[in-house]
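Here the structure comes first, spelled out in structure tokens, and everything after it is commentary.
Numbering (the numbering used here), first residue to last: 9 to 134.
Structure representation (structure tokens):
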């Protein structure tokens, strides 16, 4: 016997039929909400001035759809730190922190991120 299963999206705000799932992020948390075209437009309008004043921190631009119906709106950054490799001064500081930490009997790797508590202890000792 054959079965046909139908999935119907329901607007999470008002219970009407939803047309799309809208994804967005705020304070480092990503959200997805099923919305009708009207409610999706209302959400985008509400966030538009914030999005226009913000800077993009990741993700990719999505094309197609009704006004970017699946576009992320207002994705907030977790931090404003650059993601580039450390410069020479940073490398020298990191090496000094590693040497100091080992002299103090702390375990620290040769490469990678130095735990914040070790950096804090180093800064306090200087």
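Heads up, the beta-carbon is just placed ideally off N, CA and C, and yes, glycines get one too.
Residue 34 carries a strand assignment under DSSP once its states are collapsed to helix, strand and coil. The straight-line gap separating the alpha-carbon atoms of residue 15 and residue 32 is approximately 23 angstroms. As summarised for the region 10 to 61, the continuous alpha helix (DSSP H) elements at least 4 residues long and confined to that stretch are 45 to 61, given in chain order. Residues of the same chain with a CB within less than 8 angstroms of the CB of residue 22, apart from the 5 flanking positions on each side, are 44, 47 in chain order. Cβ-Cβ separation between residue 95 and residue 122: approximately 16 angstroms, too far for a contact (criterion under 8 angstroms). Counting other Cβ atoms within 10 Å of its Cβ, residue 26 reaches 16 or more and is therefore classed as buried. Distances from the alpha-carbon of residue 100 to those of 114, 24, 118 put 118 closest.
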